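Numbering (the numbering used here), first residue to last: 7 to 337.
No residue lacks a Cβ here, since even glycine has one placed at the ideal position from N, Cα and C.
Just so it is clear, the structure is predicted and the values come from calculations on it, not from any experiment.
Written out below as structure tokens is the structure these notes cover.
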Ligand code: AMP
Ligand code: MG
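If you want it as structure tokens, here you go:
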């Protein structure tokens, strides 16, 4: 079911934090670019899931055949903003084998002993993968700035460092999608209350969440500065109003879909001759004990032939007396 017409402006455009972006003007219950309702959004998300899955498989196949492309979805947002829901409902629509997910919490002692980007580099997606960062290197200009976990004169230099880091990963073949999920103060309060009222949600709650909530204004200012300083032409931030989970999920689905489609990946070409392999397969369709293990010269690729030669000479080394097992059709 195509709901493309319900987008008046594509989300990559509608959500981009351009020059002069003012976070305080963002309607966090808004649905920028989308004119449909909740049901239509959920239908559109599900419909995109099939395309997303196909595109993800192309990326995976590309990685398996020597390609260097990958995608990295960076998710930022305060507690309850819905980062986990994006992972479950959006990333959950693609094959988990093609996803590498990393969550970044308070650094461990080992992580603290290294540069702050050390743990990030180790978690970058391999070629062919969709990487997802649940929080990211950008915490360095959010919680680290707000809680003054490093001197402000050091912290202020992080913006340029983060921009250089992003440029570097993009230069190595990674398509970067930076998403900030922005929930309102009221909605965060309601979601925290729900976590405290439902035993099945206790696990999501931490008493420290209230301490962070008390610094709401400081965090908003830090987010604003992050957008101003690190939403670049090549690696823009997408600021997603997150009070409606259905909108945020649809918007991120679209952003991810757009990034994967933009790679324009076809299916990798065979590095064997399909017609020859079909004949070889057909020859094995007889009773297993009547199948020849012999391989015709015609059927082997240079690589297979080379591997066959190595295997044969290894065998000879082990059984020097045995003349040949080539004619051994009966086992
Ligand atoms: P959660 O995402 O709810 O599991 O919480 C992870 C916590 O780790 C949040 O309170 C973050 O602010 C915190 N955190 C993430 N990165 C850093 C960092 N670099 N330094 C300090 N705290 C961090
Ligand atoms: Mg939390």
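Report task. Would you check whether ligand 2 has a heavy atom nearer than 7 angstroms to the C-beta of residue 30? Result -> Incorrect: residue 30 has no Cβ contact closer than 7 angstroms to ligand 2.
Query raised in the report: beta strand (DSSP E) containing residue 82: first to last residue?
Result: Where residue 82 is concerned, the enclosing beta strand (DSSP E) stretches over 76-83.
Query raised in the report: Between the region 13-21 and the region 241-254, do three or more beta carbon pairs fall short of 8 angstroms?
Result: Flag = yes, the region 13-21 and the region 241-254 touch.
**Report entry** Simplified DSSP assignment, three categories, for residue 331
**Finding:** Its pLDDT being 38, under 50, residue 331 is placed unreliably by the model, and the measurement read from it follows with that caveat. Residue 331 falls in the coil class under three-state DSSP.
Report task. Decide if the region 183-195 is in contact with the region 29-40; the criterion is three or more beta carbon pairs, one per stretch, under 8 angstroms apart. Result -> Look at the beta carbons and you see the region 183-195 touching the region 29-40: at least three pairs across the two are nearer than 8 angstroms.
Requested in this report: Determine, using beta carbons only, whether residue 40 and residue 187 come nearer to each other than 8 angstroms.
Outcome: No, these two residues do not count as a Cβ contact at 8 angstroms.
Requested in this report: Have a look at residue 167 and residue 236 and give me their C-alpha separation to the nearest angstrom.
Outcome: Take the alpha-carbon of residue 167 and the one of residue 236: they are about 10 angstroms apart.
Report task. Over the uninterrupted alpha helix (DSSP H) stretch that includes residue 168, give me the two end residues. Result -> Following the DSSP letters along the chain, one finds residue 168 inside the alpha helix (DSSP H) bounded by residues 164-177.
**Report entry** Residue of 119, 108 and 199 minimising C-alpha distance to residue 86
**Finding:** Of 119, 108 and 199, the smallest CA-CA separation from residue 86 is found for 199.
Query raised in the report: Looking only at its own chain, which residues have a Cβ that is under 7 angstroms from the Cβ of residue 210, when we skip the five neighbours before and after it?
Result: Within the same chain, Cβ atoms closer than 7 angstroms to the Cβ of residue 210 are found at 201, the five residues on either side in sequence being excluded.
Report task. Identify the continuous beta strand (DSSP E) that holds residue 282 and give its terminal residues. Result -> Counting along the chain, residue 282 falls outside any beta strand (DSSP E), though it belongs to the alpha helix (DSSP H) covering 280-289.
Query raised in the report: Could you give the C-beta distance for residue 78 and residue 180, rounded to a whole number, given that I count them as a contact under 8 angstroms?
Result: Yes, residue 78 and residue 180 are in contact; Cβ-Cβ is about 5 angstroms, under 8 angstroms.
Requested in this report: Identify, in the order they occur along the chain, each residue of the same chain with its Cβ nearer than 8 angstroms to the Cβ of residue 247, setting aside the five sequence neighbours on each side.
Outcome: Cβ within range, chain order: 32, 33, 34, 35, 36, 37, 38, 188, 253 and 254.
Requested in this report: Indicate, with yes or no, if ligand 2 has a heavy atom lying under 7 angstroms from the CB of residue 85.
Outcome: For residue 85, the shortest separation between its Cβ and any heavy atom of ligand 2 lies below 7 angstroms.
Query raised in the report: Could you give the residue range of the alpha helix (DSSP H) that holds residue 95?
Result: Start and end: 89-95.
Requested in this report: Tell me whether residue 114 counts as near ligand 1, meaning its Cβ is closer than 7 angstroms to at least one heavy atom of that ligand.
Outcome: If you check the C-beta of residue 114 against ligand 1, you find no heavy atom less than 7 angstroms away.
Query - ligand 2 heavy atom lying under 7 angstroms from the CB of residue 74 - result: Not under cutoff, so the answer is no.
Query raised in the report: Apart from the five residues just before and just after residue 59, which ones in its own chain have a Cβ nearer than 8 angstroms to its Cβ?
Result: Cβ neighbours of residue 59 beyond the five flanking positions: 99, 100 and 101.
Query raised in the report: DSSP beta-bridge partners for residue 136?
Result: Partner(s): 77 and 105.
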